[in-house]
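Scroll down for the structure; my scribbles are underneath it.
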Amino acid sequence: MSIRLGIIGAGSIGEVHAKAALEAGQKVACVADVDLDKAKLLAAEYEGCQATAEVKELLADESIDAVVVCVPNRWHKDLAIESLRAGKDVLLEKPMGLNVAECAEINAVAAETKRLLQIGLVYRLSSVGQAAKSVVESGDLGTIYHAKAHLFRRRGVPGLGGWFTTKDVSGGGPLIDLGVHVIDISTWLMGTPTPKRVSGKVYSHFGKQMKDYVYEEMWAGPPKLDGICDVEDSAHAMIHFEGGGSLDLQVSWAINMPTPNMESAETIALFGDRGGLSFKLQGNHVDVASQRYGRNVDTRILLTETDQFTEQARAFAACVESRQTPITPGEHGQYVQAIIDAIYESSATDREIQLNK
Ligand SMILES: NC(=O)c1ccc[n+]([C@@H]2O[C@H](COP(=O)([O-])OP(=O)(O)OC[C@H]3O[C@@H](n4cnc5c(N)ncnc54)[C@H](O)[C@@H]3O)[C@@H](O)[C@H]2O)c1
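In this note's numbering, each residue's number is its place in the sequence shown (first place is 1) plus 990.
Below you can see the structure in the form of C-alpha cells.
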C-alpha cells in the first residue's frame, strides 16, 4: 500500500525510516524536527516533501495517513500520544517510553483512539529473526527452556556526553537502548513467556572517567567531554519466567572485554530440549544444533539478507491498510519495558524483583 508518511525527528534513524519508506513504495510527505535545518535537509531528498519545525503542522495535514516518531526517548510518549490523538497511525521507535507507566499511557490512548501503534522492535523483521522464528515454529527445538541475549560493545558509547548518555532524556544506557532489542527478539522467539522474577546489576564506570575514554565507535556524533554521562555502561541480568524458563541478558556500550572474546559479543541463543539455535542480530545465518541419526548435527541456514527497516516499513503499511495488529504492538513494547524497569530496580535495591504478583 502506498501510504503518505510523516517523519517526526530528522536525525540518524529518521533518515533510515525515510529511505525505508521510499523503498517500500510509500510517499514521504513531511518531515518535522525542532531543528528546521535538519528537517529541510532530509525533506529535500524526497520529491514534494514538506519540512517544518512544528510537529503540530505536520499532524494537522489530513493527507498524511501515518507518522514515524523517531526523536530522543524522552519525547516518545508525548509525541506518540499527540499523533494518535491527531488521528494518525504511529510507528514509534524503541524504547517505547522511559518506563512502563509511560508505555501504559501510550497504549491506553492507542486503544481509546483506535489508531494503530507499532513499536520499532525491528529485529523481528530481519532475515535472521524471521528464520529463527520459523525454526522455533517447526518444533525442531522442542521446549525452549533457556535463552542467551548478549550484545557487548567494547567501546561504543553513542554520542558520549549527549542525549544518549543523559538519563533524563534517554531513560538509561545500553539496557534501554540495546537491551530493548535483544530482550524483545529472544522473548518473542521463546513465545513471550510471562516474566516472574528478575535479578539484575548495572554498572557505570566509564562516565566517571569520560575525559580518558578511548573509543572505537562514536556513531551518534562527536563526544562532548564536558557533557553529561549519568547512565550505566553495562547491564547483566537473569530473568525467570512462569513455566520455568530463563533468560541470561548481557549488554554493554563499554566494557573491558579482550578482543578474542568479542567474537561472541553479539549472540542470541535458544536452548531447547530437542535442539538449539544461535545467530547474530546483524548476521546472515542461523545455526541450529540438533541430535539426529544418532549424531550431534550442526545445520547452518544461510540467508539472503533483507533490510529490516524496509521490511518494517512494509509491515507497518500493510497493517495501516488492513487494520491488523502489527507484529510489534504496543503491548510488546510495554512487556519489554517491564523487564527493563525490573532490572534497574533490582540493581538499585540490590534484591530480586518479583513481577506479576
Ligand atoms: N531501531 C533502531 O535500531 C534504532 C537505532 C537508532 C536510534 N533509534 C531510536 O530512534 C530515536 C532517535 O534516535 P537518533 O539516533 O535518530 O537520534 P538523533 O539525535 O540523531 O535524532 C533525533 C532528532 O529528533 C529531533 N528532535 C528532538 N526533540 C524533538 C521534538 N520534540 N520534536 C521534533 N523533533 C525533535 C532532534 O532535533 C534530532 O534531529 C531514539 O529513540 C533511538 O532510541 C532506534
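Glycine is no exception: its CB is placed at the ideal position from the N, C-alpha and C atoms.
The region 1318-1338 / the region 1169-1184 touching (three or more Cβ pairs under 8 Å): yes
Exercise answer, beta-carbon shell around ligand 1 heavy atoms below 7 Å: Ile998, Gly999, Ala1000, Gly1001, Ser1002, Ile1003, Gly1004, Ala1022, Asp1023, Val1024, Asp1025, Lys1028, Val1045, Cys1060, Val1061, Pro1062, Asn1063, Trp1065, His1066, Leu1069, Glu1083, Lys1084, Pro1085, Gly1110, Val1112, Trp1153, Asp1167, His1171 and Ala1210
Close beta carbons around His1195, own chain, < 7 Å, minus the five adjacent residues each side: Asp1223
Along the alpha helix (DSSP H) that carries Ile1333, what are the first and last residues, could you check? Gly1320 to Thr1339
Please give the ranges of any beta strand (DSSP E) in the region 1119-1175, keeping only runs that are unbroken, at least 3 residues long and fully inside the region. 1134-1142
Confirm, please, whether the CB-CB distance from Ala1122 to Phe1299 is below 9 Å. no
Helix, strand or coil: how does DSSP classify Cys1093 here? helix
Fully enclosed by the region 1252-1326, which beta strand (DSSP E) runs are 3 residues long or longer? 1256-1262, 1265-1269, 1275-1282 and 1285-1292
Where Gln1108 falls, given that 16 or more other Cβ within 10 Å makes a residue buried: buried
Whole-angstrom C-beta distance between Ile1330 and Gly1211, which should lie under 8 Å: That belief does not hold up - the Cβ atoms of Gly1211 and Ile1330 are roughly 24 Å apart, past 8 Å.
Roughly how many whole angstroms lie between the Cα atoms of Ala1303 and Arg1285? 42 Å
Less than 9 Å between the beta carbons of Tyr1203 and Arg1144, yes or no? no
Quick check on DSSP: helix, strand or coil for Pro1250? helix
Roughly how many angstroms separate the alpha carbons of Leu1115 and Pro1164, rounded to a whole number? 21 Å
In or out: Ala1399 buried (at least 16 other Cβ within 10 Å) or exposed? Past the boundaries of the shown model lies residue 1399; the chain is included only from 991 to 1347, so the question cannot be answered.
What's the gap between the Cα of Asp1068 and the Cα of Glu1095? 10 Å
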